[in-house]
Amino acid sequence: MVAKKPRIVIIGAGMAGLTAANKLYTSSSSNDMFELCVVEGGSRIGGRINTSEFGGDRIEMGATWIHGIGGSPVHKIAQEIHSLESEQPWECMDGLLDEPKTVAEGGFELSPSLVESISTVFKNLMDYAQGKLIEREESSEEVDFCKLADKICKICPSNGGGPGKLSVGSFLRQALNVYWDSVKEQDQIEGCGNWSRKLIEEAIFAMHENIQRTYTSAGDLLTLDFDAESEYRMFPGEEITIAKGYLSVIESLASVLPHGLIQLGRKVARIEWQPEAHQSSGHGCAGRPVKIHFCDGSIMSADHVIVTVSLGVLKAGIGPDSGMFNPPLPTFKREAISRVGFGVVNKLFLQLSSRHDGRDGDYSKFPFLQMAFHRPDSEWRHKKIPWWMRRTASLSPIYKNSGVLLSWFAGKEALELETLSDEEIIDGVSTTLSSFLSQPHKQLNSNSHGVCNGKEKSVDGNRVRFAKVLKSKWGNDPLFLGSYSYVAVGSSGDDLDTLAEPLPNTDTLGSAPLQILFAGEATHRTHYSTTHGAYFSGLREASRLLQHYRCVGV
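Right under this line is the structure:
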């Protein structure tokens, strides 16, 4: 009688799932060891990686950046498959970091020196939070950010998340106030509408906070845990996008798998497992301990299931009315899932249209625009700018001279974006641009008098027209229910490790081992929220199974 091969079912054909499948299938002598299957609820592979086209350009609806090329497995694969160069224009964002134009609400362009001074404060504070800032000797004119930040940690020990819990948002705002107290008396800015220097600095600081919201997916930085920031790791080197699209990496991982191994349109309704000692009679097919029930009514049995769904789906899956797991996951696992943060980040693309009369038809002059808004409670704010635009940091061409613009949204603004019609979006963005680009630009300098100097504008916001828009909708997509994870106040890196623990627990004697394994970016303690974190987690769980079977001699 021929012995059964262990059956491994991977739920999800994103980065984690396909990495695990690739590893299990290609490992030496293992491709005949298992029955392997990948089931994907959607109609495509990639998960939160979704390369598309818009206005003739290649764009990313989901994952966009390789976060540091030094040591990144994603960068290595992209190099090997020659995906870092392309004849088709792509979303490379080659001007945002080098040539940004920062404009304050009302049309006042801010001089680079003014922007840089407060931007450096923000950067140094985040470097401190992330453990990058090393105390050093500084001149008497400079602020010692290490001492300043240490002071904040002492005077602001709690943020409502429990004893000793400090949020990144609370830390940043307390630090800004201490910074203002520590510098010389502020120069006054004259002739610049209703902007004082302090208000401008606060607006620039808020702009960077909003960028940080999209980096982390924390809709409110008051929910982002301060202590966990120093555990997060980035690879060294520049951050780049993939010329031939992130999907090319996914397709490379999937290309080694036999036809039919990946099954699309297979949405999982429930996973039955055996936390207690396994009884072969009356459960499963051919004695396998796990049964996967699909929404179409079909059932698949397995010895091991690698669950790679998003943390958003897991959060919904542990709800009282869900029943995604039967029996429910153990308390320690459910509590960790509940505590870890999972936010929504969406991207908005807008295609510029040329005017029929030929005026201002060349949009190569559209700036890499950074926007400094008035405070939400300011009487000077432009009343017609919609609230969902006010925490958007930038609106920029996806590469130099591109006719496609990109803006990022996080939190409740990202969710609101999903509900808006194209006409509402175009109207809101156009209204915002009319405030930032339609006034005779005056440049706010950081000279001793802070005088506004006239400067010619490059684009008239009133004359900007949009042909069409495209937006991502990660928050309300039932296959994702959000974008990526963060360590929330009240959580810690330990919770990410708990998310990665397989079930049943090793202490459960007599039960079939490794029935449910967990992979995905939210299960990696130091590289959560990234594609390479998902990649590493897929390798981890595949290696766990390979080690298990090689150890027991199968």
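Each step along the sequence shown adds one to the number in the UniProt record's numbering, with nothing skipped, and position 1 is 1. Where is the CB? At the ideal position from N, CA and C, for every residue including glycine. This one's a predicted model, so the numbers in the text were calculated from it and none came from an experiment.
Where does residue i land, buried or exposed, given buried means 16+ other C-beta within 10 angstroms?
i	result
residue 219	buried
residue 321	exposed
residue 319	exposed
residue 85	exposed
residue 124	buried
residue 384	exposed
residue 550	exposed
residue 497	exposed
residue 195	buried
residue 590	In the structure displayed, the chain extends from 1 to 554; residue 590 sits before or after that span and is not available.
residue 332	exposed
residue 312	buried
residue 285	Residue confidence is low: residue 285 scores 47 on pLDDT, short of 50, so the model does not pin down where it sits. No coordinate-derived value is stated.
residue 317	buried
residue 163	Below a pLDDT of 50, predicted positions are generally treated as unreliable, and residue 163, at 45, falls in that range; no measurement from the model is reported.
residue 175	buried
residue 359	Residue placement at residue 359 is flagged as unreliable, the pLDDT there being 48, under the threshold of 50; a coordinate-derived value is accordingly withheld.
residue 370	buried
Going by C-alpha to C-alpha distance, which of the options sits closest to residue i?
i	options	result
residue 428	227, 12 and 388	388
residue 580	215, 260 and 221	A query on residue 580 cannot be resolved here, the shown segment of the chain reaching from 1 to 554 and no further.
residue 433	367, 239 and 268	367
residue 538	62, 24 and 248	24
residue 262	179, 542, 11 and 398	11
residue 182	52, 121 and 239	121
residue 94	295, 167 and 240	240
residue 244	527, 8, 202 and 49	49
residue 464	371, 350 and 300	350
residue 64	90, 414, 41 and 76	90
residue 365	401, 340 and 531	401
residue 37	323, 168, 264 and 247	264
residue 4	288, 293, 250 and 299	288
residue 68	532, 540, 501 and 500	532
residue 238	396, 75 and 294	75
residue 386	416, 394, 399 and 398	416
Return the bridge partner residues of residue i from the DSSP annotation.
i	result
residue 293	270 and 299
residue 37	9
residue 395	369
residue 491	489
residue 346	409
residue 22	Answer is none; residue 22 lacks a bridge partner.
residue 14	46
residue 69	Per DSSP, none; premise fails for residue 69.
residue 88	BP columns for residue 88 are empty, so no partner.
residue 352	466
residue 51	60
residue 167	225
When DSSP labels each residue in this structure, what does residue i get in the three-state scheme?
i	result
residue 485	strand
residue 237	coil
residue 326	strand
residue 311	helix
residue 46	strand
residue 526	coil
residue 333	helix
residue 340	coil
residue 514	coil
residue 304	strand
residue 100	strand
residue 227	helix
residue 77	helix
- [ ] Report yes or no: do three or more beta-carbon pairs, one from the segment 414 to 424 and one from the segment 105 to 116, lie closer than 8 Å?
- [x] The segment 414 to 424 is not in contact with the segment 105 to 116.
Task: Meets three-Cβ-pair contact criterion under 8 Å: the segment 227 to 239 and the segment 394 to 412 - done: Contact annotation: the segment 227 to 239 does not touch the segment 394 to 412, with fewer than three C-beta pairs closer than 8 Å.
Task: Three CB pairs or more closer than 8 Å across the segment 334 to 351 and the segment 465 to 482 - done: Yes: at least three Cβ pairs fall under 8 Å.
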